[in-house]
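Below is one structure, written out as structure tokens, with a few remarks after it.
Numbering (this note's numbering), first residue to last: 262 to 336.
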């Protein structure tokens, strides 16, 4: 059985596309897009973020959790 191979389009970092240079930990609506339903931070290969913005996103989510804006786990 021959499987068709397909090329998936490379995802563009949404923060680079919007020319965002700094992520704010207080912007909960934007951060929630990058958290799974279990409360984990989604990896780069799924979100399509570049390494720089993924690092900033991780720091922002962790900071928001620390000040109780986001839960550590989703119930």
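C-beta: ideal position from N, C-alpha, C; glycine also.
These numbers come from a predicted model, not from an experiment.
As a quick exercise: from 312, 296, 307 and 266, pick the residue whose alpha carbon is nearest that of residue 335.
Residue mapping note: residue 335 aligns to position 74 of the chain shown, counting from 1. Minimum Cα distance to residue 335 is reached at 296.
For the alpha helix (DSSP H) containing residue 277, list its first residue and its last residue.
In the chain shown, counting from the first residue as 1, residue 277 sits at position 16. First-last of the alpha helix (DSSP H) with residue 277: 275-278.
Exposed or buried, what is residue 264 when buried is set at 16 or more other beta-carbons lying within 10 Å of its beta-carbon?
Position 3 of the chain shown, counting from 1, holds the residue named residue 264. Exposed, since its Cβ has fewer than 16 Cβ neighbours within 10 Å.
Is the separation between the beta-carbon of residue 333 and that of residue 326 shorter than 8 Å?
Position 72 of the chain shown, counting from 1, holds the residue named residue 333. Position 65 of the chain shown, counting from 1, holds the residue named residue 326. Contact: yes.
Could you give the distance in angstroms between the alpha-carbon of residue 300 and the alpha-carbon of residue 318?
Position 39 of the chain shown, counted from the start, is the residue given in the question as residue 300. Position 57 of the chain shown, counted from the start, is the residue given in the question as residue 318. Each residue's Cα considered, the two are about 14 Å apart.
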